[in-house]
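Everything below concerns the one structure shown next.
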């Protein structure tokens with residue numbers, strides 16, 4: 019069946035907000051959760067440890083490199099989140115042998131590909147696993163593109179799916195450079211010390227707020243990744 023640009027989800031600029039937990043404490047994550055609550059955002063959290071964010075989708079964020087048994091690593095995390103349908107591995111680690119493991123646990127989609135500022139649409143990386151690439155990732159932005167921390171330089175006029183990924187620690191610190199993060203990260207378990215490294219100017223937090231202000235002003239709806247997965251499969 020032929021589809022027009024209006025019918026093809028690749029040309030419908032759907033927005034998804036995601037977050038890689040990366041072992042962030044509740045206190046650090048609350049900064050991000052409060053922003054999501056303020057803008058009525060339902061996000062997809064890729065989880066490294068047990069959390070209970072009732073309004074949001076909870077997916078898996080395994081750290082495969084920390085174990086010799088990848089299935090065990092995945093199974094242990096899936097035991098905490100048995101309803102999870104998605105996965106994004108720590109450091110965007112991916113290889114084809116993982117696909118059978120994902121299928122065995124009922125994982126339907128992966129979100130490891132990073133295609134910054136490009137036209138993005140989902141695609142199948144195996145017969146059962148849908149890849150849903152990222153359009154924006156804060157680590158990459160800080161390393162290679164950080165300038166004005168404004169929604170104006172995010173190239174939102176590009177057609178296609180736009181999956182954004184924000185880490186709780188970068189939102190908490192309002193990180194504007196990787197050097198700030200490198201100095202601060204050793205204090206992640208010492209909140210009183212970590213607060214000293216928060217940036218009061220423009221950074222990742224102000225960029226996130228700028229983005230959500232833009233979506234609100236334009237009345238643009240956001241989705242979770244599992245919703246994108248379900249919609250794409252119906253096509």
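Residue numbers (my numbering): 19 to 253. Glycine included, C-beta positions come from ideal geometry on N, C-alpha and C. No experiment lies behind these values; they were computed from the predicted model shown.
Exposure label - residue i; buried when at least 16 CB within 10 Å
i           : result
residue 219 : exposed
residue 90  : exposed
residue 75  : buried
residue 193 : buried
residue 100 : exposed
Beta-bridge partners of residue i, as assigned by DSSP
i           : result
residue 152 : 132
residue 37  : 63
residue 77  : 64
residue 124 : None, per the DSSP bridge assignment.
residue 181 : 34
residue 240 : 33
residue 82  : None, per the DSSP bridge assignment.
residue 105 : 78, 128
residue 205 : In the DSSP output, where bridge partners are listed per residue, residue 205 has none listed.
8 Å contact criterion, which residue i and residue j should meet: CB distance rounded
i           : j           : result
residue 50  : residue 64  : Not really, about 13 Å apart at Cβ, beyond 8 Å.
residue 224 : residue 233 : With a Cβ gap of about 15 Å, residue 224 and residue 233 do not count as contacting.
residue 61  : residue 242 : 7 Å
residue 103 : residue 247 : 6 Å
residue 134 : residue 150 : Contact flag wrong, Cβ pair sits at about 15 Å.
residue 137 : residue 177 : 6 Å
residue 226 : residue 53  : 6 Å
residue 201 : residue 215 : 6 Å
Nearest neighbour of residue i, chosen from the options [CA to CA]
i           : options            : result
residue 153 : 177, 56, 166, 181  : 181
residue 195 : 126, 146, 162      : 162
residue 147 : 73, 114, 39        : 114
residue 92  : 120, 229, 166      : 120
residue 35  : 198, 156, 249, 86  : 156
residue 69  : 37, 56, 177, 116   : 37
residue 238 : 40, 39, 59         : 59
residue 253 : 128, 142, 83, 129  : 142
residue 198 : 207, 221, 229      : 221
residue 132 : 159, 124, 118, 123 : 159
Residue-chain proximity (residue i, chain D), Cβ-Cβ < 7 Å
i          : result
residue 96 : In the displayed structure, chain D is absent; only one protein chain is listed.
**Q.** At least three beta-carbon pairs within less than 8 Å, the stretch 180-189 to the stretch 38-57
**A.** yes
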